[in-house]
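Here the structure is laid out as structure tokens; the discussion comes afterwards.
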Amino acid sequence: MAKLTMDEINSVKGKGFLRNRGTDLFSGRIVPVGTVFTAEQLHAVAELSEKFGNGKMMATSRQSIEVPGIAFENIPAAIEFAEAHDLHFGGTGAKVRPVTACKGTTCVFGMYDTQALAKKIHETYYVGWSKVSLPHKFKISVGGCPNSCIKPSINDFGVEGNREGGKVIYKIYVGGTWGKSCRMGTPLSRKVEEEEILPILEKCMLWFRENGYAKERFGLTVDRVGFENLEAALASDDLLARKEEILAAEIKQKP
Ligand code: SF4
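According to numbering that gives the first Met the number 0, the sequence shown is numbered sequentially starting from 0.
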């Protein structure tokens, strides 16, 4: 019989611990850096599962690993053990979620190093913006070619490697989502160079923070406010110039 209060359950959800249905046990979600775990880290995950969980580990659909069966009172010790082994729980909440990437780094069809780009986005935004709240969760995916194995077009922000005139160029999708409601990401009207990807991503999130209503996914904001409005904002540096002001503001509530 479960005895924990909702406050207790929610207090650990924000740290990456999701309640196992009908119990007072939790799955701890461990987030890789740029989608890659080292062998040493996976040994430590196995040890963590034996010490604090039920000896099992599950790969999530977004390339994290969850360790189920962790008792509420063991969560602080599990976090301490993880941190000591360079592992980090997380990946929940209305903010940047763990970045996914296909294996374009090694895939014969890969046009660039997808895991390196995912790592850069992970460090700059998943970690760097970990205290930044957004109107809703924000999923980012990095794909190596138009085969789309990692489905960038159904993420809030998706990158897809393309080739034009013998050089790699990047197609960006915005506002994709899949689940209770589905929306294919809208491709930006032009393909971009590699060095443009992070500034465009940052502008998208600032625009979303300024225009989105609490609990509204990015694609719904794009549809409500207008894709043209977003593209005009991306073409200017106004959002970056107002970054501090935008990050300090409250997120709008739906009227
Ligand atoms: S999307 Fe392309 S590069 Fe990435 S895994 Fe699939 S085939 Fe390989």
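No residue lacks a Cβ here, since even glycine has one placed at the ideal position from N, Cα and C.
Because the structure is a prediction, the values reported are computed rather than measured.
According to DSSP, is T176 helix, strand or coil?
Of the three classes helix, strand and coil, the one that applies to T176 here is strand, per DSSP.
Could you spell out the range, first to last residue, of the alpha helix (DSSP H) harbouring P75?
Per DSSP, P75 is one residue of the alpha helix (DSSP H) stretching across I74 to A83.
Going by C-alpha distance, which of M204, E192 and D155 is nearest C302?
No statement about residue 302 is possible, as the shown extent of the chain runs from 0 to 254 and does not include it.
Is G109 close to the ligand SF4? I mean its beta-carbon at under 6 Å from any heavy atom of the ligand.
Answer for G109: yes, Cβ within range of the ligand SF4.
6 Å CB neighbourhood of W128 in its chain, flanking five on each side removed:
Taking W128 as the centre and dropping the five residues before and after it, the same chain places the C-beta of V95 closer than 6 Å to its C-beta, in chain order.
Contact set for N210: own chain, Cβ-Cβ below 6 Å, skip 5 residues either direction:
The residues are T220 and V224.
Spatially closest choice to G27 from T34, R18, G33 and V35, by CA coordinates
It is R18 whose Cα lies nearest to the Cα of G27.
Between I29, T4, G13 and G15, which has its C-alpha nearest D23's C-alpha?
The alpha carbon of D23 has as its nearest neighbour, out of I29, T4, G13 and G15, the alpha carbon of T4.
By the three-class DSSP mapping on this structure, what secondary structure does S132 have?
If DSSP states are grouped into helix, strand and coil, S132 belongs with coil.
Name, in chain order, the residues that DSSP records as bridge partners for E39.
In the DSSP output, where bridge partners are listed per residue, E39 has none listed.
For C148, is the beta carbon positioned less than 6 Å from some heavy atom of the ligand SF4?
Flag set: Cβ of C148 near the ligand SF4.
Counterpart residues of P186 in DSSP-defined beta bridges:
In the DSSP output, where bridge partners are listed per residue, P186 has Y172.
According to DSSP, is E243 helix, strand or coil?
Look at E243 here: in three-state DSSP terms it is helix.
The beta strand (DSSP E) enclosing A117, as first and last residue numbers
Unbroken run through A117 is the alpha helix (DSSP H), T113 to I120; no beta strand (DSSP E).
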